[in-house]
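K.L.:
For the sequence shown, my numbering assigns the number 21 to the initial residue and increments by one for each residue that follows. The beta-carbon is built from N, C-alpha and C at its ideal position, and this holds for glycine as well. Here the structure is a predicted model, which means the values were calculated and not measured. Here it is, the structure, as structure tokens.
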Amino acid sequence: MSHTDTEILLQSENEEERLQGLRQLNQEGIDGHLGLLYRAMGDASWRVRKEAAEVFLALPVAAELSGEIIELLHAEDNAGLRNTAVDILVRLGRLAVPRLLEELACPDHDVRKFVIDILGAIGDPSVGGALIAALADDDTNVRAAAAENLGRLQVVEAVPHLVAAMRTADLMTRFTILEALAQIGNEIPVADLLAYREEKLLRKALFDCLGHVGNGQAVPVLVEGLCDEMRNVREAAAVALGRLAEKEPGLVEQAISSAADRVGPVLGELVGSRHQQVTRAALQLIAWAGDAGVVPILLPLAGQEHLQRLVLFSLINIASRCGSSLLELWPNLDDSGRAYLVYALGEAGCRDCLPRVLEALQASSPELQQAAAHALGKVGDPETPARLVNVLVDCDPEVAPTVVSALASLAAAFPDQVIAAAGELLGREDERLRTEGVRVLSGVRDRDISDMISMALKDESREVRAAAIEACRGRDDDALWQQLLFALTDESADVRRMAVESIGASGRAEASEALSLALQDEDIWVRSTAVRALGQLGSEEACGLVREQLGDPVGLVVIACLESLVAAGVPDANDCLRNALDHEDRDVVIAALKQLGWIGDRDWVEIRGRELLNHKHWEVRLATARTLVEVGAENGLTLLEERLLVEEEDLVQKELKLLAQALMELRES
């Protein structure tokens, strides 16, 4: 088909024929026929225009022809042609930048604006100087485009020029400049912007900008903005203050607190905004301005997970200022609302609320009872431990952990009363209550309770004994130490394992000797825990005991040994790992390979690499391949390519190809 036939196709009224003509033109060659291609770029069909752009961009000389594409921007009567030219120039990227910068001198203001927008879309920061110069262009649209794209490119050097341009700019350009300054984000002298706060239509954009670039000087103006007659301005002021609170929390808190009477109701209104950003900012600020009147607005939001932290922050702050007033809301709240209120009162340390919290402790609602128990851990009195014990006897299982935690928290203020409460629980027939009693004792630190824990370590219940071992942590007591050693022979493997953990965490000099007994335990989890505990001790004696366990018949224990030796940094850890590559348990071999990769050891590759890549287990072959790449083995690519020739497992084959490709790309770079 000749170029004449192609031209006929390109002039057809049928869209598909014009597309066929473009494809034919591409096959025959564009030389001498660029005019046909440029004409297609202005076609009425977007499909034809898109195809023409793709054909052009595929040309080897596309970048050299960028000047001709720029000329197409002058086609005032063909928007499609202009849009195609813009798309091509953006996709040419930095290759088109030199010619685009030259075009900024053209007399057509529309073309200058197009060029500036294209430069912004390309994203080359080197054009910042040219865009700054364009702020002085005699056309307002060009100046606005320059400001917009300086913000888009975040050109820090443009900030003083943008601020200066505000003085003579029209309203719409000022909007654009403020948005650009916010995008750049560099702090600027607030006084330069506050001069525009009396322009009502500009106020929202100004406040948005101050939130990004302002400092403490902007806070009073933004606080006043919370009372603006226009809702969108009030919302912008709240969001801006929320941002500034991250930089100047004390200053914002003081300003909001001082204006609480005026801004509190406004913030309560803004909490209900349909914009999440506004809601979150209002919740943050209302913590410093709200009173009991806004609490009914906050409580329904507390159940929303994404807002709960902010709501509770506000409730706690309000409760710390006017806790007594909040109690007046009690009769009109449901159990859920009361639960959040009680929680906040407790966190705020409001002791005036104690009678109401004690009432809530007897509620039938588990949610409210749990909140009351938590609060009592903060504001309880000497009689509270006994009351909590009574609740613990028959409360909902979900509430029990909170009650125990509250009792443990009260131990610092009322140790004798808490010990008495724990003693009562330890005397119960119900093993659950005895277990909880031991957990309560964990919170007692300034009284000798070793006798009580020792008795619990001898309890008939496995759960009680396990809790007692937990209670031993952090206590340097010879009597308890002996009980822990005795627990190494407990009938329950879980108890023995926990005893091993406690002994390892004790830091005592004799811990290694004690743990050596656990290395002979019949339970593999006890043995592996003992190995890891010895590794954490890290002494020469402890690491020697770990080495001896490398011959354990169970792979899980051997893996624990290898990982512990590496973590302890023993000199022969690498040798131990390389020896483990012969282990009959594939999981041990894989674990050894992972550790070799982690420490960057490649000495095994020359001797063992090929053998392991041909291992009978595909999981080992896969782990070997990954480790070869991880350690940067010099012959890694050769070994992978060799294995690829014979690998039959699909998963391994795919991974080998990916790894080999990655190595080739790494070498080329």
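Mind listing, in chain order, the continuous alpha helix (DSSP H) runs of no fewer than 4 residues lying wholly within the region 75 to 100?
P.N.:
Whole alpha helix (DSSP H) segments, 4+ residues: 86 to 91.
K.L.:
Per the contact definition of three or more C-beta pairs closer than 8 angstroms, is the region 424 to 433 in contact with the region 391 to 403?
P.N.:
Segments in contact, yes.
K.L.:
If we ignore side chains and look at the alpha-carbon of each, how far apart do G310 and G288 end up?
P.N.:
The straight-line gap from Cα to Cα measures roughly 8 angstroms.
K.L.:
Among G100, G366 and D401, which one has its Cα closest to the Cα of Q390?
P.N.:
Out of G100, G366 and D401, G366 has the C-alpha closest to the C-alpha of Q390.
K.L.:
Among D623, V590 and A643, which residue has its Cα nearest to the Cα of V609?
P.N.:
Comparing Cα-Cα distances from V609 to each of D623, V590 and A643, the minimum goes to A643.
K.L.:
Determine contact between the region 340 to 350 and the region 290 to 297, defined as no fewer than three beta-carbon pairs at a distance below 8 angstroms.
P.N.:
The answer is no - the region 290 to 297 does not touch the region 340 to 350, with fewer than three Cβ pairs under 8 angstroms.
K.L.:
Evaluate F227 with the Cβ neighbour count: other Cβ atoms within 10 Å of its Cβ, from every protein chain shown; 16 or more gives buried, anything less gives exposed.
P.N.:
Answer is buried; the Cβ neighbour count reaches 16.
K.L.:
What's the C-alpha gap between R687 and K70?
P.N.:
Cα-Cα distance, rounded: 38 angstroms.
K.L.:
Counting C-beta neighbours from all protein chains within 10 Å, is the total for G457 16 or more, i.e. buried, or is it exposed?
P.N.:
The residue is buried, with at least 16 neighbouring Cβ atoms inside 10 Å.
K.L.:
Verify whether the separation of the beta carbon atoms of V586 and I544 is less than 9 angstroms.
P.N.:
It is not a contact, given that the beta carbons lie outside the stated cut-off.
K.L.:
Any contact between the region 267 to 285 and the region 318 to 326? By contact I mean 3 or more CB pairs, one from each, below 8 angstroms.
P.N.:
No, they do not touch.
K.L.:
Using the three-state DSSP reduction, which class does A184 fall into: helix, strand or coil?
P.N.:
A184 falls in the helix class under three-state DSSP.
K.L.:
Please give me, in chain order, every unbroken run of the alpha helix (DSSP H) with length at least 4 that falls completely inside the region 490 to 526.
P.N.:
Fully enclosed alpha helix (DSSP H) runs of 4 or longer: 498 to 507 and 513 to 526.
K.L.:
Going straight from the alpha carbon of L500 to that of N410, what length do you get?
P.N.:
Approximately 29 angstroms, taken between the alpha carbons.
K.L.:
Near E444, which residues of its chain fall below 7 angstroms by C-beta distance, leaving aside the five closest residues on each side in sequence?
P.N.:
Here the set comprises V409.
K.L.:
With L261 and A301 assumed to form a contact (beta carbons below 8 angstroms), what rounded beta-carbon distance in angstroms separates them?
P.N.:
Indeed they touch by this definition, with Cβ atoms about 7 angstroms apart.
K.L.:
May I have the straight-line CA-CA distance separating M21 from Q47, to the nearest angstrom?
P.N.:
With a pLDDT of 47 at M21, under the threshold of 50, the modelled position of that residue is not reliable, and the figure given next carries that caveat. Between M21 and Q47, the C-alpha separation is close to 10 angstroms.
K.L.:
Beta-carbon separation of A72 and T26 under 9 angstroms?
P.N.:
In this structure, T26 does not lie closer than 9 angstroms to A72 by Cβ.
K.L.:
Which value, in whole angstroms, describes the spacing of the CA atoms of A476 and P435?
P.N.:
Roughly 19 angstroms between the two C-alpha positions.
K.L.:
What residues in its chain sit with their C-beta under 8 angstroms from that of T193, if we drop five residues either side in the sequence?
P.N.:
So the list reads T160, R163, A164, A167 and A185, once near-sequence residues are dropped.
K.L.:
Judging by CA-CA distance, which residue of L305, V590, R38 and G236 is the nearest neighbour of L554?
P.N.:
The option with the nearest alpha carbon to L554 is V590.
K.L.:
If I follow the unbroken alpha helix (DSSP H) through Q31, where does it start and stop?
P.N.:
Per DSSP, Q31 belongs to no alpha helix (DSSP H) and is neither H nor E.
K.L.:
Who are the Cβ neighbours of I89 in its own chain at under 7 angstroms, not counting the five residues just before and after it?
P.N.:
Here the set comprises A105, I108 and L109.
K.L.:
Between G149, R119, P145 and S146, which lies nearest to V135 when the distance is taken from Cα to Cα?
P.N.:
The shortest C-alpha separation from V135 is found at R119.
K.L.:
Taking A628 and L659 to be in contact with their CB atoms under 8 angstroms, please state how far apart those CB atoms are, rounded to whole angstroms.
P.N.:
With the sequence shown as reference, residue 628 is identified as Arg, and Ala is not the correct amino acid for it. Not really, about 11 angstroms apart at Cβ, beyond 8 angstroms.
K.L.:
CA-CA distance, E483 and E521?
P.N.:
Computed Cα separation, rounded: 16 angstroms.
K.L.:
Locate the alpha helix (DSSP H) running through K224, then write down its first and last residues.
P.N.:
R223 to V233 is the extent of the alpha helix (DSSP H) around K224.
K.L.:
Just tell me which of D416, D128 and L112 has its CA closest to the CA of A95.
P.N.:
Here the closest residue by C-alpha is D128.
K.L.:
Counting only the same chain and skipping the five closest in sequence on each side, list residues whose C-beta sits under 7 angstroms from that of V131.
P.N.:
For V131, where only same-chain residues beyond five positions count, the Cβ hits under 7 angstroms are L93, H94 and E123.
K.L.:
With 16 as the cutoff for other CB atoms within 10 Å, does F195 come out buried or exposed?
P.N.:
Counting Cβ neighbours within 10 Å, F195 comes out buried, since at least 16 surround it.
K.L.:
In its own chain, which residues sit with a C-beta less than 8 angstroms from the C-beta of Y360, not counting the 5 before and 5 after it?
P.N.:
Taken in chain order, the residues that qualify are L319, A322, V331, L332, L335 and A391.
K.L.:
Using alpha carbons as the reference points, say which of R495, L535 and D496 lies closest to F506.
P.N.:
Nearest C-alpha to F506: L535.
K.L.:
Output needed for L683: all residues of its chain with C-beta closer than 8 angstroms, excluding positions within five of it in sequence on either side, in chain order.
P.N.:
For L683, where only same-chain residues beyond five positions count, the Cβ hits under 8 angstroms are V649, G656, L657 and L660.
K.L.:
Is it buried or exposed for G527, if we count other Cβ within 10 angstroms and need 16 for buried?
P.N.:
Exposed, because fewer than 16 other Cβ atoms sit within 10 Å of the Cβ of G527.
K.L.:
By the DSSP assignment, the alpha helix (DSSP H) with V283 in it spans what residues?
P.N.:
Looking at the DSSP string, the run of the alpha helix (DSSP H) that includes V283 is A280 to L290.
K.L.:
Would you call S559 buried or exposed, if buried means 16 or more other Cβ atoms sit within 10 Å of its Cβ?
P.N.:
Exposed, since its Cβ has fewer than 16 Cβ neighbours within 10 Å.
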